[in-house]
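For the record, in the sequence shown the residue sitting at position 200 is 229 according to this note's numbering, with numbers rising by one throughout. See below for the structure under consideration.
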Amino acid sequence: MSIVRVALDVPLPRLFDYQADEVAESDIGCRARVPFGSGRKLGLIVAVAAASDQPTEKLKPADAILRDMPPLPADWLALCDFCSRYYQHPLGQVMAFALPPLLRRGKLPRPRKVSGGGTPAAKSLPALLPEQQAAVQAIHASGGFAAFLLHGVTGSGKTEVYLRAIDAVLAAGKQALMLVPEIALTPQLEQRVSERFPTACIVAAHSGVPDAARARGFLDALAGRADIVLGTRLSVFMPLPRLGLIVVDEEHDASFKQQEGLRYSARDVAVLRAKQLDVPIVLGSATPALETFHHAISGRYRLLELRHRAVAEAPPVVRMVDTRKEKLQDGMSAALLDALATRLARGEQSLVFLNRRGYAPVLACPACGWISRCQRCAANRVVHLADKRLRCHHCGLEAGIPRACPDCGNQDIHPFGRGTQRLEAALGERFPQARVLRIDRDSASTPKRWQALLAAIHAGEADILIGTQMLAKGHDFPRLTLVGVVGADAALFAADFRAPERLFAQLMQVGGRSGRHDLPGEVLIQTEHPAHPLYRALAEHDYAAFARAQLDERRAAGFPPFSFQALLSAEAPEIGDALAYLAAARAAAVPLADAQVSLYDPVPMRLFRLKNRERAQLLVESTSRPALQALLAAWSERLRALKAPRELRWHLDVDPLEF
Ligand code: ADP
Ligand code: ZN
Ligand code: ZN
Numbered sequence: 030m031s032i033v034r035v036a037l038d039v040p041l042p043r044l045f046d047y048q049a050d051e052v053a054e055s056d057i058g059c060r061a062r063v064p065f066g067s068g069r070k071l072g073l074i075v076a077v078a079a080a081s082d083q084p085t086e087k088l089k090p091a092d093a094i095l096r097d098m099p100p101l102p103a104d105w106l107a108l109c110d111f112c113s114r115y116y117q118h119p120l121g122q123v124m125a126f127a128l129p130p131l132l133r134r135g136k137l138p139r140p141r142k143v144s145g146g147g148t149p150a151a152k153s154l155p156a157l158l159p160e161q162q163a164a165v166q167a168i169h170a171s172g173g174f175a176a177f178l179l180h181g182v183t184g185s186g187k188t189e190v191y192l193r194a195i196d197a198v199l200a201a202g203k204q205a206l207m208l209v210p211e212i213a214l215t216p217q218l219e220q221r222v223s224e225r226f227p228t229a230c231i232v233a234a235h236s237g238v239p240d241a242a243r244a245r246g247f248l249d250a251l252a253g254r255a256d257i258v259l260g261t262r263l264s265v266f267m268p269l270p271r272l273g274l275i276v277v278d279e280e281h282d283a284s285f286k287q288q289e290g291l292r293y294s295a296r297d298v299a300v301l302r303a304k305q306l307d308v309p310i311v312l313g314s315a316t317p318a319l320e321t322f323h324h325a326i327s328g329r330y331r332l333l334e335l336r337h338r339a340v341a342e343a344p345p346v347v348r349m350v351d352t353r354k355e356k357l358q359d360g361m362s363a364a365l366l367d368a369l370a371t372r373l374a375r376g377e378q379s380l381v382f383l384n385r386r387g388y389a390p391v392l393a394c395p396a397c398g399w400i401s402r403c404q405r406c407a408a409n410r411v412v413h414l415a416d417k418r419l420r421c422h423h424c425g426l427e428a429g430i431p432r433a434c435p436d437c438g439n440q441d442i443h444p445f446g447r448g449t450q451r452l453e454a455a456l457g458e459r460f461p462q463a464r465v466l467r468i469d470r471d472s473a474s475t476p477k478r479w480q481a482l483l484a485a486i487h488a489g490e491a492d493i494l495i496g497t498q499m500l501a502k503g504h505d506f507p508r509l510t511l512v513g514v515v516g517a518d519a520a521l522f523a524a525d526f527r528a529p530e531r532l533f534a535q536l537m538q539v540g541g542r543s544g545r546h547d548l549p550g551e552v553l554i555q556t557e558h559p560a561h562p563l564y565r566a567l568a569e570h571d572y573a574a575f576a577r578a579q580l581d582e583r584r585a586a587g588f589p590p591f592s593f594q595a596l597l598s599a600e601a602p603e604i605g606d607a608l609a610y611l612a613a614a615r616a617a618a619v620p621l622a623d624a625q626v627s628l629y630d631p632v633p634m635r636l637f638r639l640k641n642r643e644r645a646q647l648l649v650e651s652t653s654r655p656a657l658q659a660l661l662a663a664w665s666e667r668l669r670a671l672k673a674p675r676e677l678r679w680h681l682d683v684d685p686l687e688f
């Protein structure tokens with residue numbers, strides 16, 4: 030009689046032992062159907078043992094061991110185990126998350142009809158530029174683990190470097206994993222990869238892939254059939270027995286960090302995985318995360334720079350428009366309006382960037398001070414004039430727009446502030462001859478509508494685009510020559526220490542939309558702080574100067590990457606309960622924390638009420654990652670044991686990006 034040790038999808042940080050006949054070491058990594066409570070569950074066998082800690086006769090027998098797919102390999106189990114320990118998340122839940130839903134439920138997808146492999150259209154590749162050549166060679170020569178930061182602006186030929194590096198890996202009979210952000214996974218990239226590698230088996234893995242295809246892709250990867258996996262953060266968990274290279278494109282992108290459940294950073298996990306498998310990893314970006322840049326300049330990562338654009342074109346001219354000196358018209362300066370008029374006259378496209386959707390952020394009554402608060406959140410409801418609603422952007426609660434103040438009856442109530450819809454209306458009035466197109470999560474609410482909008486832009490069916498960050502990334506609009514930035518200043522002085530980093534990346538990206546081809550580009554930034562170092566660095570296209578200045582500030586303040594953080598959050602119907610839980614949690618941590626760890630006081634979160642749940646958080650920080658990890662391991666056990674009201678929920682976020 031043997032024992033199988035099974036990881037189950039339950040919120041308990043332990044494994045479950047079952048009796049099993051005729052099992053062998055080779056069954057590790059197979060799925061097992063087992064009794065659990067009054068029902069049945071499917072789990073993964075992570076160990077086979079001769080004996081259990083519990084008396085064998087007390088153990089229930091496993092119902093079945095599923096051997097209909099190859100067992101998950103040891104390195105995959107080790108990766109899940111690392112994530113479980115590092116992110117303080119039960120192993121069974123990590124594994125359940127990493128497996129496609131179909132396989133998790135014990136089903137197998139029907140095999141794919143094999144479409145006859147196309148003949149490679151032998152296209153001639155461009156000769157690499159010297160810096161590209163050096164990058165490809167360095168990656169190729171790494172001969173094992175090495176982390177590279179490939180730093181280069183959009184259009185500098187990073188993707189070409191990835192493709193060449195992947196080519197070399199495929200030629201050596203190995204697999205490549207390419208991670209891309211959620212939003213940038215455009216069909217264009219998939220197409221570019223499949224055109225480059227027409228005979229390769231390419232597996233796409235992102236939220237748009239249906240269940241059956243996702244499971245098939247996973248099995249292709251597991252069996253070693255897949256040559257390239259191209260996907261979003263989740264694909265970092267793809268089993269790849271012949272893995273030879275990992276690429277993380279736009280490595281700074283926030284979508285690599287999951288904000289719920291297993292709060293992992295796919296970029297960080299990818300680096301760990303590369304190390305584990307002794308293969309090179311390339312992190313690419315025009316605006317690397319400061320953590321990554323810090324590693325690159327301190328020598329832990331190797332810095333590969335592409336200083337020149339691959340296709341000869343000058344970077345856009347960036348100018349600040351000082352808005353302290355003039356009265357704006359609908360939030361826009363004369364300089365911006367003139368520039369828009371010029372583009373219209375020349376038949377070129379413009380983009381006005383405002384990262385706030387809706388018509389106005391709030392509706393207010395000047396007579397009594399009423400404002401359109403959300404009843405469920407500590408936030409205002411946003412005026413959406415397009416469909417005449419007041420809508421909370423946090424919980425979705427909505428209502429019609431009242432004709433009069435609900436408190437005092439005053440009929441003279443106003444929208445305050447400005448969102449994309451208001452800009453759209455203003456620009457439509459000011460330039461009646463122009464075709465104005467708004468692109469935000471309201472107008473592009475489904476992938477289909479989004480594709481239709483993109484197609485309209487490409488077909489030249491719009492003169493002025495108004496967009497949020499949705500429009501900032503990865504798109505190439507040939508006739509776009511002007512980008513106007515409105516309302517960016519707020520992020521300069523935000524409480525979040527990462528706000529400037531995000532703003533810089535965002536503006537660099539949105540600015541890069543202009544002048545991508547033969548037409549020169551111009552970026553106008555409306556600001557009350559034209560001399561701000563962030564804007565200055567932007568105007569000089571000098572990421573490094575910005576990054577070094579930011580790193581100096583972070584060092585002085587003891588922020589990441591000069592410290593490591595974890596955030597314990599609690600939510601309950603009453604903020605008092607959340608705070609009380611965190612206070613008890615803090616008290617439990619005190620005896621566990623060594624001198625290198627700082628425990629801050631519990632505080633209400635900035636958005637302290639969300640969907641009628643009140644939220645608070647407790648920050649833990651250390652200059653030593655091992656010290657922090659040691660605390661978290663001991664602490665998370667205590668946290669589970671702490672008394673709390675039934676309604677209270679808590680979670681730990683290791684290396685949090687959002688506060
Ligand atoms: P990035 O990924 O940095 O935005 P890409 O690799 O997409 O840059 O390159 C930008 C454009 O330049 C693409 O159209 C690409 O085909 C072209 N390109 C890249 N490298 C070269 C090269 N060495 N010679 C000519 N064109 C190149
Ligand atoms: Zn009123
Ligand atoms: Zn709300």
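Just so it is clear, CB atoms sit at the ideal spot from N, CA and C, and this is done for glycine as well. Predicted model only: the values in this text are computed from it and were never measured.
Check whether residue 299 and residue 686 have beta carbons under 8 Å apart: Locating residue 299 in the sequence shown gives position 270, where the first residue counts as 1. Locating residue 686 in the sequence shown gives position 657, where the first residue counts as 1. The beta carbons of residue 299 and residue 686 sit no closer together than 8 Å.
Sequence-distant residues of the same chain with beta carbon closer than 6 Å to residue 207, five excluded per side: As a position in the sequence shown, residue 207 is number 178, starting the count at 1. Contacts found: 259 and 276.
Every unbroken beta strand (DSSP E) inside the stretch 584-661 [3 residues or more]: Annotation: the stretch 584-661 contains the following complete segments of the beta strand (DSSP E) (minimum length 3 residues), in chain order: 593-601, 626-628, 632-639 and 642-651.
Proximity below 8 Å, CB of residue 177 to CB of residue 309: Translated into positions along the sequence shown, residue 177 becomes position 148. Translated into positions along the sequence shown, residue 309 becomes position 280. Between residue 177 and residue 309, the gap from beta carbon to beta carbon is short of 8 Å.
Stretch-stretch touch, CB-based, cutoff 8 Å, three pairs: the stretch 602-614 with the stretch 582-594: No contact exists between the stretch 602-614 and the stretch 582-594.
Alpha helix (DSSP H) segment containing residue 246, residue limits: Position 217 of the sequence shown holds residue 246. Annotation for residue 246: the continuous alpha helix (DSSP H) segment containing it runs 240-251.
Closer than 7 Å: residue 436 CB and nearest ligand 2 heavy atom: Here residue 436 refers to the residue found at position 407 of the sequence shown. Residue 436 has its CB nearer than 7 Å to a heavy atom of ligand 2.
Residue 239 versus residue 131: straight-line alpha-carbon distance, rounded: Counting from one through the sequence shown, the residue named residue 239 turns up at place 210. Counting from one through the sequence shown, the residue named residue 131 turns up at place 102. Going by the C-alpha atoms only, they are around 10 Å apart.
Residues of its chain near residue 186, where Cβ-Cβ distance is below 7 Å and the 5 sequence neighbours each way are ignored: Position 157 of the sequence shown, counted from the start, is the residue given in the question as residue 186. Answer for residue 186: 158, 161, 335 and 339, listed in chain order.
Proximity to residue 563 [Cα-Cα], best of 467, 654, 529 and 658: As a first step, residue 563 must be located in the sequence shown, where it is residue number 534. Selection 467, 654, 529 and 658 evaluated against residue 563 yields 529 as nearest (Cα-Cα).
Residue 188 beta carbon near ligand 1 (any heavy atom closer than 7 Å): Within the sequence shown, residue 188 is the residue found at index 159, counting from 1. Residue 188: yes, Cβ under 7 Å from ligand 1.
Buried or exposed by the 16-neighbour rule on C-beta atoms within 10 Å, applied to residue 404: As a first step, residue 404 must be located in the sequence shown, where it is residue number 375. Here residue 404 is exposed, its C-beta having fewer than 16 other C-beta atoms within 10 Å.
Residue interval of the beta strand (DSSP E) (run including residue 36): The residue labelled residue 36 in the question sits at position 7 within the sequence shown. Where residue 36 is concerned, the enclosing beta strand (DSSP E) stretches over 31-36.
CA nearest to the CA of residue 83, picked from 37, 555, 48 and 491: As a working mapping, residue 83 is identified with position 54 in the sequence shown. Nearest of 37, 555, 48 and 491 to residue 83, Cα basis: 48.
Same chain only: Cβ atoms within 8 Å of residue 350, ignoring 5 sequence neighbours per side: As a first step, residue 350 must be located in the sequence shown, where it is residue number 321. Same-chain partners within the cutoff: 362, 364, 365, 553, 554, 555, 556 and 559.
Contacts around residue 306, its chain only, beta-carbon distance under 7 Å, and the 5 residues preceding and following it disregarded: Position 277 of the sequence shown, counting from 1, holds the residue named residue 306. The beta carbon of residue 306 is closer than 7 Å to those of 104 and 272 in its chain, skipping five residues each way along the sequence.
Selection from 301, 70, 420 and 683 that minimises the alpha carbon distance to residue 265: In the sequence shown, residue 265 corresponds to position 236, counting from 1. Considering only alpha carbons, the answer is 301.
Simplified DSSP state of residue 136, which is helix, strand or coil: The residue given as residue 136 occupies position 107 in the sequence shown. Correct three-state label for residue 136: coil.
Separation of residue 525 from residue 537, as counted between CA atoms: Along the sequence shown, read from residue 1 onward, the residue named residue 537 stands at position 508. Along the sequence shown, read from residue 1 onward, the residue named residue 525 stands at position 496. Annotation: residue 537 to residue 525 spans about 20 Å, alpha carbon to alpha carbon.
Coarse secondary structure for residue 304, derived from DSSP in three states: Residue mapping note: residue 304 aligns to position 275 of the sequence shown, counting from 1. Here residue 304 sits in helix by DSSP.
Member of 385, 482 and 435 whose CA lies at the smallest distance from the CA of residue 396: For the purposes of this step, residue 396 is taken as residue 367 along the sequence shown, with counting starting at 1. Ranking 385, 482 and 435 by Cα distance to residue 396 puts 435 first.
Three-state secondary structure assigned by DSSP to residue 90: Residue numbering aside, residue 90 sits at position 61 when the sequence shown is read from its first letter. Residue 90 falls in the strand class under three-state DSSP.
Contact belief for residue 75 with residue 34 at Cβ below 8 Å, rounded distance in angstroms: As a position in the sequence shown, residue 75 is number 46, starting the count at 1. As a position in the sequence shown, residue 34 is number 5, starting the count at 1. Right, their Cβ atoms sit about 6 Å apart.
In DSSP terms, what residue 350 is bridged to: Here residue 350 refers to the residue found at position 321 of the sequence shown. For residue 350, DSSP records a beta bridge to 555.
Residue 392 beta carbon near ligand 3 (any heavy atom closer than 7 Å): As a working note, residue 392 is residue 363 in the sequence shown. Residue 392: no, Cβ never under 7 Å from ligand 3.
Meets three-Cβ-pair contact criterion under 8 Å: the stretch 398-418 and the stretch 371-390: Yes, the stretch 398-418 touches the stretch 371-390.
Cut-off 6 Å between Cβ atoms - residues of its own chain near residue 500, not counting five sequence neighbours on either side: Within the sequence shown, numbered from 1, the residue matching residue 500 stands at position 471. Cβ neighbours of residue 500 within its own chain (closer than 6 Å, five residues either side excluded): 468.
Close beta carbons around residue 689, own chain, < 7 Å, minus the five adjacent residues each side: For the chain, the structure presents residues 30 to 688; residue 689 sits outside this window and is missing.
Element boundaries [beta strand (DSSP E), containing residue 233]: By 1-based counting over the sequence shown, the position of residue 233 is 204. Residues 231-234.
Nearest-residue set for ligand 3, Cβ under 5 Å from any heavy atom: That gives 403, 405, 406, 421, 423, 424 and 426.
Which of helix, strand or coil DSSP assigns to residue 198: Translated into positions along the sequence shown, residue 198 becomes position 169. When DSSP states are grouped into helix, strand and coil, residue 198 belongs to the helix group.
Complete runs of the alpha helix (DSSP H) confined to the stretch 517-542 [at least 4 residues]: Segments of the alpha helix (DSSP H) lying fully in the stretch 517-542: 528-540.
Residue 474 classed as buried or exposed, judged by whether at least 16 other C-beta atoms fall within 10 angstroms: As a working note, residue 474 is residue 445 in the sequence shown. That one is exposed.
Near ligand 1: residue 223 beta-carbon under 7 Å from a heavy atom: If you number the sequence shown from 1, residue 223 lands on position 194. Flag unset: Cβ of residue 223 not near ligand 1.
Spatial distance of residue 169 from residue 304 (CA atoms): Sequence index remark: in the sequence shown, residue 169 carries index 140 (1-based). Sequence index remark: in the sequence shown, residue 304 carries index 275 (1-based). About 16 Å.
Contacts around residue 677, its chain only, beta-carbon distance under 8 Å, and the 5 residues preceding and following it disregarded: Locating residue 677 in the sequence shown gives position 648, counting from the first residue. Closer than 8 Å at Cβ, skipping near neighbours: 599, 600, 601, 606, 607 and 610.
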